[in-house]
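S.K.: First the structure, which I've put down as structure tokens, then a few questions once you've had a look.
In our numbering, the protein residues as written are 692 to 1002.
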């Protein structure tokens, strides 16, 4: 689940020649095959690292990717050698489509997936396509450059230790913590939209998709805060020990609400034996960079980068 921004799932792709005749003859693309998901997950774990590979089954079948309809698999000799999903929610607002995830075992498979997703993005009316890549994805980077993609900005993978975080008394600070069963979804979606309207790679979502994406999150570590009148003012969405979204009403920024949200998240995660809280931030989002650095987050991994193709 990736509601904040389109965090493309990075991998280490093998070196390969773009356009190899033998590879082209053996490669074909097809829709998501649920029976192939274990093999796709194994490929991803092999390319990325088993401990870091997220659950592709939930990502590829989420609402943002049309419950699997916006996914392609690359096959060679009966085995999956690549995968691409695309998110088209941003096309209506700013013409952007996002390929996420996109990974491949070699450059030929990466090129074929990029070409197919680019064609689909054009068909949907997109003016640009964005793809993320990470250190070590040499074959994918080769394919991106060959297709004419241009660098946009870096992804910064932040982390902080959860140990030592104290419990937060939101009521004493004048805030009401809203129970998930009581969420006013239109109000929460409106707050999210207002706080993320200028954030890179954060396409708008319709209410049904928003609710489907947010409902299964970790609402023990995450929370939604309302003021005394019941108006929603801040939120922190947590999943798998990672911050998927954090936002504060613009009128209340700079008053320490984000610090309280993160303190609460760290305290609850630490109780479950989760030792770090991570957050992915765009290098162009200077306010978020400053927030995380001020809260003691450090860069935990080499930066990735976002590349864009004008369609």
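Note that beta-carbon positions come from the ideal geometry of N, C-alpha and C, so glycine has one too.
The structure presented is a predicted model; accordingly, all values stated were derived computationally and were not measured.
Per DSSP, residue 825 is paired with what?
M.R.: In DSSP, residue 825 forms no bridge with anything.
S.K.: May I ask which residues mark the beginning and end of the alpha helix (DSSP H) holding residue 785?
M.R.: Run containing residue 785: 782-785, per the alpha helix (DSSP H) assignment.
S.K.: Give me the residue from 940, 766, 782 with the minimum Cα distance to residue 883.
M.R.: Closest by alpha carbon: 940.
S.K.: Classify residue 806: buried if its beta carbon has 16 or more other beta carbons within 10 angstroms, exposed otherwise.
M.R.: Exposed: under 16 other Cβ atoms inside 10 Å.
S.K.: For residue 771, report the span of its beta strand (DSSP E) as first-last.
M.R.: Looking at the DSSP string, the run of the beta strand (DSSP E) that includes residue 771 is 770-778.
S.K.: Using a Cβ distance threshold of 8 Å, determine whether the segment 894-902 contacts the segment 834-842, with at least three qualifying pairs required.
M.R.: Segments in contact, no.
S.K.: What are the start and end residues of the beta strand (DSSP E) that includes residue 975?
M.R.: First-last for residue 975: undefined, no H or E at that position.
S.K.: To the nearest angstrom, how far is the alpha carbon of residue 790 from that of residue 863?
M.R.: When rounded, the distance between both Cα atoms is 44 Å.
S.K.: If you follow the alpha helix (DSSP H) that residue 799 is part of, which residue opens it and which one closes it?
M.R.: 798-814 is the span of the alpha helix (DSSP H), which, as asked, contains residue 799.
S.K.: Going along the chain, which residues of its own chain have a beta-carbon closer than 8 Å to the beta-carbon of residue 995, five neighbours each way excluded?
M.R.: Answer for residue 995: 699, 701, 823, 824, 825, 826, 845, 846, 848, listed in chain order.
S.K.: Could you check the C-alpha separation between residue 991 and residue 850 for me, to the nearest Å?
M.R.: Using only the alpha carbons, I get a separation of about 6 Å.
S.K.: Report yes or no: is there a C-beta of chain D within less than 8 Å of the C-beta of residue 871?
M.R.: No chain D is present in this structure, which holds just one protein chain.
S.K.: Name the residue from 809, 986, 861, 979 whose alpha carbon lies nearest to the alpha carbon of residue 890.
M.R.: The residue with the shortest Cα to Cα distance from residue 890 is 979.
S.K.: What residue range is occupied by the uninterrupted beta strand (DSSP E) comprising residue 846?
M.R.: Residue 846 -> beta strand (DSSP E) spans 841-852.
S.K.: Can residue 801 and residue 834 be called in contact, C-beta distance under 8 Å?
M.R.: Going by C-beta atoms, residue 801 is nearer than 8 Å to residue 834.
S.K.: With H, G and I counted as helix, E and B as strand and the rest as coil, what does DSSP make of residue 995?
M.R.: In this structure, residue 995 counts as strand in the three-state DSSP scheme.
S.K.: Find out if the Cβ-Cβ distance for the pair residue 729, residue 763 is shorter than 8 Å.
M.R.: Taking 8 Å as the Cβ cut-off, residue 729 and residue 763 do not qualify as a contacting pair.
S.K.: What is the DSSP secondary structure of residue 880, reduced to helix, strand or coil?
M.R.: Helix.
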